[in-house]
Each structure stands twice: as C-alpha cells, then as structure tokens.
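What follows is a short report on a single structure.
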Amino acid sequence: MPRLSFLSLFLNNLASEFPSFIFDCPNLTYLDLAQNMLTGYLPESLVTNLGKLEYLNLTSNSFNGSLPSSLSKVSNLRHLRIGNNLFSDHIPSDIGSISNLELIEMYNNSFEGSIPSSIGQLSMLQTLDLHLNGLNSTIPMELGLCTNLTFLSLAENNLSGPLPLSLTNWNKISQLGLSENSLSGTIPSDFGKNSPNLSIVGFANNSFTGELPPGLCSGFALQVLTVNGNNFTGSVPDCLKNCTGLVRVRLDRNQFNGNMSEAFEVHPDLLFVSLSRNQFIGKISPQWGECEKLTNLQMDGLTPCSTSYGSKKSTNIDMKVVIAIVVPVVVIVVVTIALSCTSLNPESRPTMRSVAQELSARTHAYLSEPFGSITISKLSGYQK
Numbered sequence: 003m004p005r006l007s008f009l010s011l012f013l014n015n016l017a018s019e020f021p022s023f024i025f026d027c028p029n030l031t032y033l034d035l036a037q038n039m040l041t042g043y044l045p046e047s048l049v050t051n052l053g054k055l056e057y058l059n060l061t062s063n064s065f066n067g068s069l070p071s072s073l074s075k076v077s078n079l080r081h082l083r084i085g086n087n088l089f090s091d092h093i094p095s096d097i098g099s100i101s102n103l104e105l106i107e108m109y110n111n112s113f114e115g116s117i118p119s120s121i122g123q124l125s126m127l128q129t130l131d132l133h134l135n136g137l138n139s140t141i142p143m144e145l146g147l148c149t150n151l152t153f154l155s156l157a158e159n160n161l162s163g164p165l166p167l168s169l170t171n172w173n174k175i176s177q178l179g180l181s182e183n184s185l186s187g188t189i190p191s192d193f194g195k196n197s198p199n200l201s202i203v204g205f206a207n208n209s210f211t212g213e214l215p216p217g218l219c220s221g222f223a224l225q226v227l228t229v230n231g232n233n234f235t236g237s238v239p240d241c242l243k244n245c246t247g248l249v250r251v252r253l254d255r256n257q258f259n260g261n262m263s264e265a266f267e268v269h270p271d272l273l274f275v276s277l278s279r280n281q282f283i284g285k286i287s288p289q290w291g292e293c294e295k296l297t298n299l300q301m302d303g304l305t306p307c308s309t310s311y312g313s314k315k316s317t318n319i320d321m322k323v324v325i326a327i328v329v330p331v332v333v334i335v336v337v338t339i340a341l342s343c344t345s346l347n348p349e350s351r352p353t354m355r356s357v358a359q360e361l362s363a364r365t366h367a368y369l370s371e372p373f374g375s376i377t378i379s380k381l382s383g384y385q386k
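Residue numbers for the sequence shown, in this note's numbering: 3 to 386.
Below you can see the structure in the form of structure tokens.
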C-alpha cells in the first residue's frame, strides 16, 4: 500500500509484534496502534521505512526494550505518543533534533537515566509527559527554553536537586506535575509570576524548603495546588484568595504558619482542602460556610482553635460555620463506624467503648468544644 498516508488500528485486539505490513507504507504520515496487545521491540526499520511520519501513537501496548537509536531521523514527527508500555533504557539523547515535535508522551514506562538536555531545542514543544518512569537525574536548565510548554509532568520518578531558575521563563504553562520525586531547595521566587494560565501545580512529596513564591497564582487561574509532604514554611500566598476556581488544595505535612482564616476567600467550586500538620493559627473563617461544594476539610494536627471569639455576633457566625462544615464530616464518620458494626464476623465488630472513643477522637480535631455541648441557643447567638 505505497499510497497509504493514514492508518488507525486503535483499540483492537492485535496481539503480535510490530505489524510488518506497515513497513510497505512509506508515505504514512499518521499511524495509530494504541490500546492493543502488541509486544516486542521497535525495529530500526520503523525509522528507515516510515520517515514521513508526523503522528505516531503506540500508547497502551506491551512494547519493550530501547527506542530505535535513529529515532531522531524521523524529522517530520510532531506527536510521539508511546506511554504505558514497557520501554526501558535511556531516552535518546538527540531527541531534541526532531525539531517539529509538539507533543511527547513517554509516561508509565521504565526509562532511566537523565532527561535529555537536547529537549531544550524543541521550541514548538507544548506537552511533555514523562511521569512514572525511573529517571534519576536533575531537571536540566535547558527545559526552561521550551517557552511554548503548556503541560509538563515529571512526577513519580527519582529526580533530585533544585528547580532551575530558567523555569520562570514559561509564560504559557498551564499544568505542572513534579510530585513524588526527591527534588529539594527552594522554588524560584519569580516562579508563576509570568505564567497567567497556571491552573494545576503539583509539588507534593519532595524535599522542598522555603516559602511558596508570591506569584505562584498571580494569574488567579489556579484550580489544583498540591504541595503536601515537603518542608515549606511561611504563609500561604495572598493571591490564593483571588483564585475563585480552586477545586483542590493540599498544604498538609509542611511547616506553614500564619492565620488560616486569612488564607482563603469564597471559592464556590472548592471540594477538598487539607491543612493538617502545619503551624497555622487562628480560627475557622465564616467564609468556609459559603463553600457549598466543600466535602472534605482536613485540619488535624493544628493548634487548637481559639475559643475567645470576642463579640456575641461573631460567636454566632463562627459557630454556625463550624457546624456547617463539621456536621457532614461527623455524619460520614458515624456511617463509617456504623458499617463496621455490621460485620458478619463478631470478632471484627468494635465494642461500644471503642465506638465512643473513635467518634470522640475524629470530631475533636474540628471542634473547639465537645459536640454535645453546642446548644441551639449558641447557634442562635443568645449565649457564648
């Protein structure tokens, strides 16, 4: 089929090595073999016979081994999608010579070694997804030269060292995932300042220190912020208040401080917040009660909330907000405990004493006084 230029065998049950008949299609520009059961190595003839390819999708198969050493000779390639396979060894060091590349997906393989610095030559690159591999280098400073990047995921590797200052050059980045590595040092102070479209940031479970940069959310587009499991200090950036599209925030297991009641405003789409195990002070803001979609608020391990509310009016508002947030949490806890009491195995059923202790422990983290002592008169503002 020498005249064939477009071939898609996506989502079938092909269970062989790379189909040899494809090598008789020298004019192919589009090849999609994703979501099959193809196995084996990618032959070098992929490069020599299919040099006109612009789109190559091998996602979700069982290809293994190294990538062809001459892959860089497929000079017209714009989309390279080989995620979720069994590829190993190193990413070709000269991959940056495929100058037309706009998208690289190599996630969930067994690549090791370094991220090639030549990727910095890819001025048209918009998506780079290398997450869930065994890459064990630092992040090359040349990556900051990819100023058209909108999506970058390097999560779940073994990357180490600090973030290069050059990453502040990104002005189109929208989604950044660096979680689950061994990265360290401080986040560059200008990071995010020139990135108005930044909507998803993942720094979780690394060894970062210092404060979050003040411009992290300066474009107010932030929707997901996960920085849990680091050694961050200081207060939450003020710009977070103006990110009305926030959906998920994880700040837990750091050393953040400051007044938690001043860290947020009203976020109508907010679903999940974890502030646990930090050094925040203050009390729950009345504005939490206006986050109507909030279903999970975690604040365990914080300094106990102050019970000195001031005026009678503020007591009324604060207690209502506490109840608005805590009651759904308590209901979930009660249902969970109740289900454990229905176990068919009598030995697996908790005793009434353990049920009472569990319920008390779970609710104590959210209330400044025992739940049973909150009366209707307190909710109505008639007494402290």
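Where is the CB? At the ideal position from N, CA and C, for every residue including glycine.
Query raised in the report: From Ser1 to Asn171, what does the alpha carbon distance come to, in whole angstroms?
Result: In the structure displayed, the chain extends from 3 to 386; residue 1 sits before or after that span and is not available.
Query raised in the report: Leaving out the 5 sequence neighbours to the left and right, which residues in its chain are closer than 7 Å to Ser191 when beta-carbon positions are compared?
Result: If you ignore the 5 residues before and after Ser191, its C-beta comes within less than 7 Å of the C-beta of Pro215, all in its own chain and listed in chain order.
Requested in this report: Could you tell me which residues DSSP puts in a beta bridge with Phe274?
Outcome: Arg250 and Asn298
Query raised in the report: Given that a residue counts as buried once 16 or more other Cβ atoms are within 10 Å of its Cβ, and exposed if not, what is Leu167?
Result: By the neighbour-count rule (16 or more Cβ atoms within 10 Å), Leu167 is not buried but exposed.
Query raised in the report: alpha helix (DSSP H) containing Asn51: first to last residue?
Result: Ser47 to Asn51
Query - Bridge partners - Thr61, DSSP secondary structure assignment - result: Answer by DSSP bridge pairing: none, since Thr61 is not bridged.
Requested in this report: For Leu6, I'd like the list of residues in its chain whose CB is within less than 7 Å of its CB, leaving aside the five on either flank, ordered along the chain.
Outcome: Cys27, Asn29 and Leu30
Query raised in the report: Tell me the DSSP bridge mates of Asn261?
Result: Ile283
Report task. With DSSP collapsed to three states, give me the class of Asn66. Result -> strand
Report task. Name, in chain order, the residues that DSSP records as bridge partners for Gly136. Result -> Glu114
Query raised in the report: So, helix, strand or coil for Thr188, using DSSP?
Result: strand
Requested in this report: Report yes if the C-beta distance between Glu158 and Leu134 is below 8 Å; otherwise report no.
Outcome: yes
Query raised in the report: Which stretch, first to last residue, makes up the beta strand (DSSP E) that contains Phe210?
Result: Ser209 to Gly212
Requested in this report: Can you tell me which of the three DSSP states Thr149 falls into?
Outcome: Per DSSP, reduced to three states, the secondary structure at Thr149 is coil, with no helix or strand assignment.
Query raised in the report: Which residues in the same chain as Val280 place their Cβ atom closer than 6 Å to its Cβ, once the five residues preceding and following it in sequence are excluded?
Result: First, the amino acid is wrong: residue 280 is Asn here, not Val. Cβ-Cβ distances below 6 Å link Asn280 to Asn256 and Phe258 in the same chain, with the five nearest sequence neighbours on each side left out; the list follows chain order.
Query raised in the report: So, is Gly204 buried or exposed, given that buried needs 16 or more other C-beta atoms within 10 angstroms?
Result: buried
Requested in this report: With DSSP collapsed to three states, give me the class of Glu56.
Outcome: coil
Requested in this report: May I have the straight-line CA-CA distance separating Asn199 from Gly217, to the nearest angstrom?
Outcome: 12 Å
Query raised in the report: Can you check whether the CB of Glu267 is closer than 8 Å to the CB of Lys243?
Result: Yes, Cβ-Cβ distance for Lys243 and Glu267 is below 8 Å.
**Report entry** Simplified DSSP assignment, three categories, for Ile84
**Finding:** Coil, per DSSP.
Query raised in the report: So, Asp91 versus Ser64, is the Cβ gap smaller than 8 Å?
Result: no
Query - Contact set for Asp131: own chain, Cβ-Cβ below 6 Å, skip 5 residues either direction - result: Glu107, Tyr109 and Ser155
Requested in this report: Would you list the residues sitting across from Phe8 in a DSSP beta bridge?
Outcome: Tyr32
Requested in this report: Enumerate in chain order the residues of its own chain whose CB-to-CB distance from Cys245 is below 8 Å, with the five nearest sequence positions on each side excluded.
Outcome: Excluding positions up to five away in sequence, the list reads Cys219, Phe222, Ala223, Leu224, Gln225 and His269.
Query raised in the report: CB Asn160 to CB Leu180, shorter than 8 Å?
Result: no
Query raised in the report: Do you know offhand how far Gly187's Cα is from Leu277's?
Result: 22 Å
**Report entry** Length of the line joining the Cα atoms of Leu124 and Gly53
**Finding:** 19 Å
Query raised in the report: Mind checking whether Cys148 and Gly122 have CB atoms under 8 Å apart?
Result: In this structure, Gly122 lies closer than 8 Å to Cys148 by Cβ.
Query raised in the report: My guess is that Tyr57 and Leu33 are in contact by the Cβ rule of under 8 Å, so how many angstroms apart are they, rounded?
Result: 7 Å
Requested in this report: Assuming Ser71 and Ile100 form a contact by the criterion Cβ under 8 Å, report the distance between their Cβ atoms to the nearest whole angstrom.
Outcome: In fact, because the Cβ distance is near 13 Å, the residues do not count as touching under 8 Å.
Query raised in the report: Excluding the five sequence neighbours on either side, which residues of its own chain have a C-beta within less than 8 Å of the C-beta of Phe210, listed in chain order?
Result: Leu185, Ser186, Gly187, Thr188, Ile189, Val229, Asn232, Asn233 and Phe234
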